[in-house]
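Which chain is which? The protein sequence lines are Z and H, in order.
Going by UniProt numbering, the first sequence opens with residue 1, and the numbers climb by one from there.
Going by UniProt numbering, the second sequence opens with residue 1, and the numbers climb by one from there.
Virtual Cβ for every residue (Gly too), placed ideally from N, Cα, C.
The next block holds one structure in the form of structure tokens; read it before the comments.
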Amino acid sequence: TCQHVSSLDLKNLCFVHLSRFLLFFSLQTFEKLLIANRGEIACRVIKTCKKMGIKTVAIHSDVDANAVHVKMADEAVCVGPAPTSKSYLNMDAIMEVIKKTRAQAVHPGYGFLSENKEFARRLASEGVTFIGPDTHAIQAMGDKIESKLLAKNAKVNTIPGFDGVVKDADEAVRIAREIGYPVMIKASAGGGGKGMRIAWDDEETREGFRFSSQEAASSFGDDRLLIEKFIDNPRHIEIQVLADKHGNALWLNERECSIQRRNQKVVEEAPSTFLDPETRRAMGEQAVALAKAVKYSSAGTVEFLVDSSKNFYFLEMNTRLQVEHPVTECITGLDLVQEMIRVAKGYPLRHKQADIPINGWAVECRVYAEDPYKSFGLPSIGKLSQYQEPLHVPSVRVDSGIQQGSDISIYYDPMISKLITYGSNRAEALKRMEEALDNYVIRGVAHNISLLREVIIHPRFVQGDISTKFLPEVYPDGFKGHKLTDLERRELLATAASLYVAEQLRSQRFLGTPRIPIAKSKQSSWELSVRLGDGIYPVAVSKDGSSFSPCLVSQQVEVDGMKLNVTSEWNLASPLLSVTIDGTQRTIQRLSRNASGDTSIQFLGTVYKLQILTKVAAELSKYMPEKAAEDTSSILRSPMPGAVVAVSVKPGDMVSEGQEICVIEAMKMQNSMIAAKTGKVKAVHCKAGDTVGEGDLLVELE
Amino acid sequence: PIPGKLTARERILLLLDPDSFDEYDMFVEHRCSDFGMDSSKNKYPGDSVVTGRGRINGRLAYVFSQRNVLCSGVVPQISLIMGPCAGGAVYSPALTDFTFMVKDTSYLFITGPDVVKSVTNEDVTQEQLGGAKTHTSVSGVAHRAFENDIDALLNLREFFNYLPLSNRDPAPVRECHDPSDRLVPELDMLVPIESTKAYDMLDIIHSIADEREFFEIMPSYARNIVVGFARMNGRTVGIVGNQPKVASGCLDINSSVKGARFVRFCDAFNIPLITFVDVPGFLPGTAQEYGGIIRHGAKLLFAFAEATVPKITIITRKAYGGAYDVMSSKHLRGDANYAWPTAEVAVMGAKGAVQIIFRGKEADAEAEYVDKFANPFPAAMRGFVDDIIQPSTTRVRICHDLDVLASKTQSSPWKKHANIPL
């Protein structure tokens, strides 16, 4: 049942004829296009195909049979089981589908086979158009050394450096001056950052030379030194290029992608706050020069590192559509996928460089299913029990490939969506982003909304003072969520307490007239005790006026002796709750509540756990026994869902603190699980090859 | 006070609405005269038990009354065990409709560890013998366990709101903010394509219930069946569902008894029943047969059959053989019986059926059987299911049906009482 092609229905056939007819007079590209990808990018490509009247074929793995891209496409074919090597990377199966469905072109999206020259070659040999550059460009840019050489020849700035034997300190200084300070000096043979010296002037260069040449001789027996321009606090800024098969190429301005974690981009924007028109033009022209040098056609991205003095250096060229392309589309008004398809068909570019505008500002946040409190994001899996995109917020674009009920599985990238907001200026785009993040409902998996929201409101980010080290610099001890100000804490407590009272009042409202009349509550004020973090706060809530209307309730809340006025519709079923606190409008989300008074509320992006009790119950709580917490040092639980790669202990083994016990792989990352104390292994609950969930017990110590 | 426990009056204070408690028999004293108990320093007015009436969210509740059996089926009775309860006293909670316990501080047993030791030489602690964990997961005596006194009382207030005050009152309808016509799109892809793959029945229940709220009864016992209370458009309903995640959702002795008692409670107190069916059959084997699965399975069959409250059934996937029949089928006077497109209403699974019919001689027969029976159409053609519905519309359908069925009356022939196969 796997190799099943959904049949065309009559309606679709009629549509094909109609669109063929129309296209004959406009610009005919392809009749049918296969998207060799999944998730949001597959959906993104399908949308443009629909606009262009191109029929679409989706491929999917068996677990993706119900995925959104499968439903959106005109046809969908299963290409194998869940692991990508057996499905989305399975060239044989994909080639088979192309033949069977008679797709004339393939859009590879990003990742998977998008920069695979073998795939491009096989398509070419079958006469199928690959929506991307030709094999030569993919190969040239895929090789780090070759691409750098090509860039140098095309007069693109590359990181200047010298690699060879340096005679003495004077020569080192001469080289360093040539390159320009600061420079980095190290032994050529030393790998990575080992033995690396940074020199900001001649004196430091001499010192660095002495140290590095000594080390080179003694440690490696190799005198060669590497002196290279040191790029201090670099930004990652990339230029979008678009080229056709007729030698024309355009630069579509830049994207600022400096906010990264573990070399993965998190927040991107276009344009960059950092570039002036001259730098932009210089970067753009170099990017176009490189594209022309490799006879590039299609959309591509030239990545640069930019130092604090606006010197820019070529990093690499990506020969595909980038994840963050929507921000460029927002400010230029171009549909990059459409342009890629046109160019692939052989049409010349429709625009001149002078036609490419920068209209307004666009920001993109990558919304991931991951826990941002663990090294800025460890993958989380699960079912999206509730999911609602903030499309009611103006100028918001959400590129996603999932919907309520979708599974975020361990097999694929944990990205939920790309959330893009647009504004006439940066402040407006950021304000809308804040609102969009607050109005985004994602339940069932952990997500990074809290981190994204903190980044976009951080003063350094707002000022544009960012670099690729932004996250570790701003959060040296890891991300801990939003830090409430005193006023914000009062607002949260007041909102939570008001919500509690609204819930209490609702639980007394029964419809119909029962045989035994319900006693009407005369209570008009509530004395509550709210626990938030380590603090316990007395909160008094009273009704505003003499009567409650069931829908619109205004409440006076007293926290720490300060009175706040909290108004809302108190719709207890809605995932989003709009609350006005002393005139400030906030959108909050109540994620859970229970009869024990526990509630969790998403406020300013971060989820806070609170316990709300009446004053009486809170006072009696002190007589309740403290339950002993589980001794976590003697048990090892999986911090995230993934697969067990190796287990290095067996029951009865002695382990010392810090010793590796097992390795969990999740989303291409291997995580070493270490013993929290020295002791004897009591039981091992996993073996290599097992799939484990977050919090699953792995190993117990005695 | 004893550490970890509240006094009776403190407990009442937390359970009832503020200032609503009217106490009875405050002046009653004990009449024991042996061992110096009659001396004035051993006499307290209103000692040993505090009784009276009050209000929970405005609705009348009586606190402690010991006419268990006569009241059974007349008013809902709930016991909260907040300390040791041994010997004959255990029958007081056992006769009530629901027994909740407080973890670590409450025990229920006929004979305590000391007697057990002297009679059978068995070493057992109070907790192992009759603690909350034992009774909620092993014996099935208790229906829920809570962290401490306060937690238990607050949950009891919440639970009370689901219940009618007596058998003469309809199921309560609380103000509801959740639209009754809300579509639940995720249900369209919830049931896995492979019919052997499990999914969580609680996902379905949470997604269709008002505000995703579900008060589960016996969550740790016989987990292959899920029972509990929810609201649909504000009205309390009892939900019964097979749990494919545990033992494939099969029916066995424990799950049948758990389900049957819950169904009878709902029927006694006018609470409509919503049943989600994904059942591969009764669990086979000597353990079950020797244990009397026929007799115990019959309890669930009997309970659904005699129930006269509105009965709405949704077959989500497997509905095989006798187990299908038991799960509130059309044949048991179901009011509205629906099937999702993934439903398979058949005597058994294709593989088993083909093995029995063809003794393994027909290789293609399995595919043919799947084609013919592993879908809801044969049942729909015979009227055993009223409609095949889009899963996302399940909530809308149930809410509509409950509105229509609110006035349902069904009478049974006069009898002293039915004779359920105990």
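With fewer than 16 other Cβ atoms from the protein chains shown falling within 10 Å of its own Cβ, H/Glu-368 counts as exposed.
Check the Cα spacing between Z/Leu-336 and each of Z/Glu-316, Z/Ser-308, Z/Gly-300: the tightest is with Z/Gly-300. Z/Thr-567 and H/Ser-180 have their C-alpha atoms roughly 26 angstroms apart. Taking the C-beta atoms as reference points, Z/Ala-676 is found no nearer than 8 angstroms to Z/Ser-648.
Under the 8 angstroms criterion on CB atoms, H/Gly-83 is classed as non-interfacial with respect to chain Z.
The three-state secondary structure of H/Ser-195, taken from DSSP, is coil. The Cβ atoms of Z/Val-692 and Z/Lys-650 do not sit closer than 8 angstroms to each other. Nearest CB-CB separation between Z/Met-624 and chain H: below the 8 angstroms threshold. The continuous stretches of alpha helix (DSSP H) do not include Z/Arg-255, which lies in the beta strand (DSSP E) extending over residues 249 to 261. Comparing C-alpha distances from Z/Ser-600 to each of Z/Thr-580, Z/Leu-564, Z/Val-530 shows the shortest one belongs to Z/Val-530. Contact between H/Cys-250 and H/Leu-202 is ruled out by a C-beta separation of about 17 angstroms, above the 8 angstroms threshold.
Exclusion of the five residues before and after Z/Asn-233 leaves Ser-308, Ser-467, Lys-469 as the residues of its chain whose Cβ lies within less than 7 angstroms of its Cβ. In the three-state reduction of the DSSP assignment, H/Asp-22 falls in the strand class. A residue is called buried once 16 or more other Cβ atoms fall within 10 Å of its Cβ, and H/Cys-399 is buried on that count. Residues of the stretch 493 to 515 of chain Z whose Cβ lies closer than 7 angstroms to any Cβ of chain H, in chain order: Arg-506, Ser-507, Gln-508, Arg-509, Phe-510, Leu-511, Gly-512, Pro-514, Arg-515. Per the coordinates, the alpha-carbon of H/Val-63 lies some 6 angstroms from the alpha-carbon of H/Arg-53. Per DSSP, reduced to three states, the secondary structure at H/Val-102 is strand. When C-beta atoms of the stretch 346 to 366 of chain H are compared with those of the stretch 303 to 314 of chain H, fewer than three pairs fall below 8 angstroms, so the two segments do not count as touching. For H/Glu-175, a Cβ of chain Z is located within less than 8 angstroms of the residue's own Cβ. Taking C-beta separations shorter than 7 angstroms and ignoring five residues to either side along the sequence, the partners of H/Phe-146 in its chain run Phe-100, Val-102, Lys-103, Ala-152, Asn-155, following chain order.
Counting along the chain, the unbroken beta strand (DSSP E) around Z/Lys-682 starts and ends at 679 to 684.
Within the model, the alpha-carbon separation for Z/Pro-108 versus Z/Lys-55 is close to 16 angstroms. In the three-state scheme derived from DSSP, where H, G and I count as helix and E and B as strand, H/Lys-311 is classed as strand. In terms of Cα proximity to Z/Arg-38, the closest of Z/Met-283, Z/Asp-399, Z/Asp-201 is Z/Asp-399. Taking all protein chains shown into account, Z/Glu-473 has fewer than 16 neighbouring C-beta atoms within 10 Å of its C-beta and is therefore exposed.
Within chain Z, Gln-508, Ile-518, Ala-519, Lys-520, Ser-521 have C-beta atoms less than 7 angstroms from the C-beta of H/Gly-58, given in sequence order.
Distance from the Cα of H/Pro-280 is smallest, within the candidate group H/Lys-41, H/Arg-317, H/Ala-268, H/Val-370, for H/Arg-317. Comparing alpha-carbon positions, the option among Z/Thr-513, Z/Ile-145, Z/His-246, Z/Arg-255 lying closest to Z/Ser-298 turns out to be Z/His-246. Residues of chain H whose Cβ lies closer than 9 angstroms to the Cβ of Z/Gln-388 do not exist; the shortest such Cβ separation is about 11 angstroms. No residue range can be given for H/His-30, since it is assigned to no beta strand (DSSP E) and is classified by DSSP as neither H nor E. In this structure Z/Ser-147 is in contact with Z/Met-317, their Cβ atoms being roughly 6 angstroms apart against a cut-off of 8 angstroms.
The C-beta of Z/Asn-439 comes no closer than 8 angstroms to any C-beta of chain H. Around the C-beta of H/Ser-207, 16 or more other C-beta atoms lie within 10 Å, and the residue is accordingly described as buried. Cβ-Cβ distances below 6 angstroms link H/Asn-233 to Cys-176, Ser-180, Cys-399 in the same chain, with the five nearest sequence neighbours on each side left out; the list follows chain order. At a cut-off of 8 angstroms between beta-carbon atoms, H/Ser-106 makes no contact with chain Z. Inside the stretch 185 to 240 of chain H, DSSP marks whole alpha helix (DSSP H) runs of 4 or more residues at positions 201 to 208, from first to last along the chain.
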